[in-house]
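Notes to accompany the following structure.
In full-length UniProt numbering, the protein residues as written are 1 to 264.
This is the structure:
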């Protein structure tokens, strides 16, 4: 996986917020057990979203919207290479977790990685030329020509991973997507694509570019709240990716998970 050597420009530390109670969690702090019928899809969903999720037990506390930076600062939507990292709160398939994440855009592809304490639950995603490679301690290795079809096969919900290169900059992936301006305290703007609505709550200047401070993405009862703690521009590599190491994808490969054994 390509790594940028320069340190990320970081946002000023925000004051701590108290986390709200977790849905489905007892007052003692012991999580309520998931029903057997839902356990497997939840595990698969959490594994697939692991670049955005790490084991935790609370949705990030809401933060107020912030005004945009001064005019004249360029935004990051035209850049084809950058890296960002931060924290996330996710409500997905009835489960609520907190997280840290990193996402690196590499042209039309991307690399994402996450791991818990002592490298537990380490997950990587690598996409090149439309071919996605996922490696996770629960699911093993999965490959597909469609990130969205792979997500739907594993979780039952189409998760538009390929759109995150645009959405994480705070802008839609398609030029003709309508953008709705918002007024405080609701945020700066929002747009809807591929069944998901993304709301930009605020912006900041990092490494000379205007990037989001906070994003809220919703689809039905699913919700992802992302804060951006570090961001920097960079150059896409020509080699050194999970896809390169695995070799070129076969021309007739189907858009389905590979034959790796499913999670128990």
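Where is the CB? At the ideal position from N, CA and C, for every residue including glycine. The structure displayed is predicted, hence computed values, not measured ones.
**Asked** Would the beta-carbon of residue 87 fall within 8 angstroms of that of residue 229?
**Response** For this step, residue 87 is matched to residue 87 along the chain shown. For this step, residue 229 is matched to residue 229 along the chain shown. Their beta carbons are under 8 angstroms apart, which means residue 87 touches residue 229 by this criterion.
**Prompt:** Helix or strand or just coil, what does DSSP make of residue 178?
**Reply:** Looking up residue 178 in the chain shown gives position 178. Here residue 178 sits in coil by DSSP.
**Request:** Could you tell me the distance, in whole angstroms, from the CA atom of residue 138 to the CA atom of residue 211?
**Result:** In the chain shown, the residue the question calls residue 138 occupies position 138. In the chain shown, the residue the question calls residue 211 occupies position 211. Their Cα atoms are separated by approximately 33 angstroms.
**Prompt:** Helix, strand or coil: how does DSSP classify residue 168 here?
**Reply:** The sequence position of residue 168 within the chain shown is 168, counting from 1. Residue 168: coil per DSSP, three-state reduction.
**Request:** Measure the C-alpha to C-alpha separation of residue 160 and residue 194 and round it to an integer number of angstroms.
**Result:** Position 160 of the chain shown, counted from the first residue, corresponds to residue 160. Position 194 of the chain shown, counted from the first residue, corresponds to residue 194. Each residue's Cα considered, the two are about 7 angstroms apart.
**Item:** Residue range of the unbroken beta strand (DSSP E) whose run includes residue 126
**Value:** Translated into the one-based positions of the chain shown, residue 126 becomes position 126. Taken as a continuous stretch (DSSP letters only), the beta strand (DSSP E) holding residue 126 covers 123 to 128.
**Item:** Burial state of residue 204 (16 or more Cβ within 10 Å)
**Value:** As a working mapping, residue 204 is identified with position 204 in the chain shown. Classification for residue 204: buried.
**Item:** beta strand (DSSP E) segment containing residue 136, residue limits
**Value:** Walking along the chain shown from the start, residue 136 turns up at place 136. Run containing residue 136: 131 to 136, per the beta strand (DSSP E) assignment.
**Message:** Bridge partners for residue 142 per DSSP, in chain order?
**Reply:** Residue numbering aside, residue 142 sits at position 142 when the chain shown is read from its first letter. The partner list for residue 142 (beta bridge, DSSP) reads 134.
**Item:** Three-state secondary structure assigned by DSSP to residue 106
**Value:** One-based indexing of the chain shown puts residue 106 at position 106. In this structure, residue 106 counts as strand in the three-state DSSP scheme.
**Request:** Would you mind sorting residue 323 into buried or exposed? The rule is 16 or more other CB atoms within 10 Å of its CB.
**Result:** Nothing in the structure corresponds to residue 323, since the chain is present only between 1 and 264.
**Message:** Less than 7 angstroms between C-beta atoms, sequence neighbours within five positions excluded: which residues of the same chain meet that for residue 189?
**Reply:** Residue numbering aside, residue 189 sits at position 189 when the chain shown is read from its first letter. Same-chain partners within the cutoff: 179, 180, 181, 182, 200.
**Message:** Short of 7 angstroms in beta carbon distance, which residues of its chain neighbour residue 198, apart from the five on each side in sequence? Order them along the chain.
**Reply:** Your numbering for residue 198 matches position 198 in the chain shown. Cβ within range, chain order: 167, 190, 191, 215, 217.
**Request:** Mind reading off the beta-carbon distance from residue 196 to residue 84? Whole number of angstroms is fine, and I expect it under 8 angstroms.
**Result:** As a first step, residue 196 is located in the chain shown; it is residue number 196 there, counting from the start. As a first step, residue 84 is located in the chain shown; it is residue number 84 there, counting from the start. Actually they do not touch by this definition, with Cβ atoms about 18 angstroms apart.
**Message:** My assumption, with CB atoms under 8 angstroms, is that residue 224 sits in contact with residue 90. Please give the rounded CB distance.
**Reply:** Taking the first residue of the chain shown as position 1, residue 224 is located at position 224. Taking the first residue of the chain shown as position 1, residue 90 is located at position 90. Between residue 90 and residue 224 the Cβ distance is about 5 angstroms, and since that is below 8 angstroms, they are a contact.
**Prompt:** What's the call for residue 221, buried or exposed, on a 16-neighbour Cβ count within 10 Å?
**Reply:** Residue 221 sits at position 221 when you count from the first residue of the chain shown. Exposed.
**Message:** Could you check whether residue 110 and residue 127 sit closer than 8 angstroms to each other, using their CB atoms as the reference points?
**Reply:** Within the chain shown, residue 127 is the residue found at index 127, counting from 1. Within the chain shown, residue 110 is the residue found at index 110, counting from 1. Contact: yes.
**Request:** Leaving out five residues on either side along the sequence, give the residues of the same chain with a beta carbon under 6 angstroms from the beta carbon of residue 169.
**Result:** Position 169 of the chain shown, counted from the first residue, corresponds to residue 169. Result list for residue 169: 76, 77, in chain order.
**Inter-residue CB distance, residue 125 and residue 144 (contact presumed, cutoff 8 angstroms)** = Stepping through the chain shown from its first residue, residue 125 is reached at position 125. Stepping through the chain shown from its first residue, residue 144 is reached at position 144. That pair is no contact at about 11 angstroms.
**Asked** For residue 162 versus residue 148, is the C-beta distance shorter than 8 angstroms?
**Response** Reading the chain shown from its first residue, position 162 is the one you call residue 162. Reading the chain shown from its first residue, position 148 is the one you call residue 148. Taking 8 angstroms as the Cβ cut-off, residue 162 and residue 148 qualify as a contacting pair.
**Prompt:** Looking only at C-alpha atoms, which of 81, 112, 123, 113 sits nearest to residue 106?
**Reply:** Within the chain shown, residue 106 is the residue found at index 106, counting from 1. For residue 106, the nearest C-alpha among the options comes from 81.
**Request:** Check residue 112 in the structure and name its three-state DSSP category.
**Result:** As a position in the chain shown, residue 112 is number 112, starting the count at 1. DSSP places residue 112 in strand when its eight states are reduced to three.
**Prompt:** Shortest alpha-carbon distance to residue 226 belongs to which of 209, 79, 202, 234?
**Reply:** Start at 1 with the first residue of the chain shown, and residue 226 comes out as number 226. Minimum Cα distance to residue 226 is reached at 202.
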